[in-house]
Amino acid sequence: MKKYFVTTMICLVLIASVAYGAIIHVPGDQPTIQAGIDAAKDGDTVLVADGTWTGPGNKDLDFKGKAITVTSENGAENCIIDCEGDGRGFYFHSGETNKSVVSGFTITNGSPNDGNGGGIYCYESSPTIINNIVEENSVSRGGGGICCIFSDATIQNNEISRNSSSNTGGGIACVDGSSPTIQNNKINGNSAEWGGAIISKK
C-alpha cells in the first residue's frame, strides 16, 4: 500500500510539472530572450528580467511555433526591447495560435528590412499580444506598430503609440483576410499615408 501511494504521488507530481510547465529565467537560465525561447517547450514560460534588451538574440524574436508565454518580471515599463533601428521585436510566422503569448514588454525603435510590422509581425499566425507598449517603430509598408497578414491575432490591453508607416496602418495593419481581436488598447499619435491608427483591408 505504501509503495502504491508513493508511486501515485510521483505520477501526480510529474503530471503537474507537465501541465504547468517550466519557468525559464532570462538571464538567470539563458543569456538572451531568444535562447530562452529556444530552450522552452510547449506550456513553458520565459520570464525576462528588468532592463533594456538589445542586440542579437533580443530582437527579431521567433517562437518557432511553440505554445509558450514570453513575459517580463515587472511589466512593460521595466522591460524594454530596443531594436536600435534594425529589425523588429517579435516575428510570428510558424502557425502560432492564441497559446503563444507575448506580454509585458516595451518594444521600440523597430525598423525591419521587409517593411512590415515594426514592433510585431504576425504572418499566417495568431498569437496573443497583451499588456505591451509598442512605440516609436517605423516601416515602409504596413503596420508601424503591429502588422497582421493572414492572422487572427488577439491584441489586448496594449499601448500602441508614435509608430509610423510610409504606407498603411501607422499603429496596426490588418490585411489579406486577417480578422484579429483588438480590444482595450490605447492607440494614439501614430501616422501613415492611409490609416494612421488602424487599417483593415482584404
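One gets this note's numbering by counting positions in the sequence shown from 1 and adding 70 to each. The C-beta atom is built at its ideal place from N, Cα and C for all residues, glycine as well.
Could you please give me the residues that DSSP links to residue i through a beta bridge?
i    : result
Y27  : As shown, the chain starts at 71 and ends at 272. That puts residue 27 outside it, with no answer to give.
C149 : G121
G212 : N186, T238
S261 : S234
A92  : According to DSSP, A92 bridges with nothing at all.
T176 : I150, I203
E229 : I203, K256
T115 : I93, T139
T198 : V171, T224
S181 : G157
For residue i, report the span of its alpha helix (DSSP H) as first-last.
i    : result
D108 : 103–109
Compare the C-alpha of residue i against each of the options and name the closest.
i    : options                : result
N181 : T198, G157, T167, Q226 : Before going further, note that residue 181 is Ser rather than Asn in the sequence given. Nearest option by C-alpha distance: G157.
G125 : G215, I103, V116, V245 : I103
V209 : T224, N183, A223, L131 : N183
Q100 : Y90, L117, G113        : L117
D152 : Y191, G121, K271, A105 : G121
A262 : E143, G240, D246, I252 : G240
E154 : S142, T178, E194       : T178
T224 : V204, N168, V245, G145 : N168
S173 : N201, G214, G215       : N201
A110 : V140, A146, K129, I199 : V140
K272 : G266, G212, V245, S249 : V245
G64  : I257, E206, D222       : This structure does not reach residue 64, given that the chain is present from 71 up to 272, and the question cannot be answered.
K136 : G214, G106, G189       : G106
R211 : S236, Y161, I252, V96  : S236
V204 : S195, S196, I190, P197 : I190
A146 : W123, Y161, G214       : W123
I257 : T115, G215, G127, T251 : G215
E206 : P197, R232, G187, F162 : R232
P197 : A243, S234, T251       : T251
N186 : A243, I138, Q226, S249 : A243
What is the C-beta distance between residue i and residue j, in whole angstroms, given that I count them as a contact (C-beta under 8 Å)?
i    : j    : result
S170 : F133 : 5 Å
I230 : N254 : 12 Å between Cβ atoms; not a contact.
L131 : G165 : That belief does not hold up - the Cβ atoms of L131 and G165 are roughly 16 Å apart, past 8 Å.
I199 : N228 : 6 Å
C149 : T176 : 7 Å
G98  : T115 : Not really, about 13 Å apart at Cβ, beyond 8 Å.
Would you mind reading off the limits of the beta strand (DSSP E) that contains residue i?
i    : result
S142 : 139–142
T224 : 224–226
N258 : 256–258
K271 : 268–271
Q253 : 251–253
So is residue i in contact with chain D if we call contact Cβ pairs under 8 Å?
i    : result
S164 : Of the protein chains in the structure, only one exists, and it is not chain D.
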